[in-house]
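Structure first, commentary second.
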Amino acid sequence: THIHSDVQLTEEAVRRYLIRKPMTTKDLLKKFQTKRTGLSSEQTVNVLAQILKRLNPERKNVNDKMHFYLTE
Amino acid sequence: SSSEADEMAAALDAELNDFI
């Protein structure tokens, strides 16, 4: 069945965001809202966790919040 | 809702903290 989604939560999409600028987990979740991806909240958390573990991005604290980022 | 977003962020942070 076709699931409507205009945003896809993929490793490549996350990689592109993190190369552009450091982001918190909350920033990333805003980019992949469930109403845009068609995924459930639980799926979103699980998939994003797996992607971040694979990408293993650099981490830094900005304004006391952990941000992830990647360099090309 | 923002509280759902907060819960999701907390769950994701917890998953990733286990990984560190």
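Residue numbers (my numbering), protein chains in the order written: chain C, 19 to 90; chain Y, 699 to 718.
Yeah, the Cβ is synthetic: ideal placement off N, Cα and C, and Gly gets one too.
Query	Result
Burial state of Ala708/Y (16 or more Cβ within 10 Å)	exposed
Simplified DSSP assignment, three categories, for Glu76/C	strand
Among Glu90/C, Val25/C, Leu66/C, Leu36/C, the one whose alpha carbon lies nearest that of Lys53/C	Val25/C
Simplified DSSP state of Lys83/C, which is helix, strand or coil	strand
Beta-carbon proximity of Leu36/C to Leu73/C, cut-off 9 angstroms	yes
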